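Structure record follows, encoded as structure tokens.
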Amino acid sequence: MTAADGFTVDDLKRRVCEAIDGRGEEIIGVAATIMANPEPGFREVKTARLVADVMTRLGLAPRTGI
420 MTAADGFTVD DLKRRVCEAI DGRGEEIIGV AATIMANPEP GFREVKTARL
470 VADVMTRLGL APRTGI
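Residues in the sequence shown are numbered from 420 upward in steps of one, following the numbering used here.
Right, dumping it as structure tokens:
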């Protein structure tokens, strides 16, 4: 099976795994920060801000305030 941009599904899976592995320490750091700063359910203000900041640094455009 080939994706629209010419990569096979296996190629895409490999690339995603490599990207995750390359950011492993950052991912663990974000998780540790979230775990160390619990917030009540459905009021995760600090967590949402942290995740939006990380997404922005990755070049993504998170939707906030929804």
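Think of the CB as a built atom: it goes at the ideal place given N, C-alpha and C, for glycine as much as any other residue. Since we're looking at a predicted model, the values are computed, not measured.
Please report the distance separating the alpha-carbon of Glu445 from that of Thr452. 10 Å
Excluding the five sequence neighbours on either side, which residues of its own chain have a C-beta within less than 7 Å of the C-beta of Thr466, listed in chain order? Excluding residues within five positions, the ones whose Cβ falls inside 7 Å are Ile453, Glu458.
Reference Gly484; option with closest CA among Ala471, Arg442, Asp440: For the residues Ala471, Arg442, Asp440, the minimum Cα distance to Gly484 belongs to Ala471.
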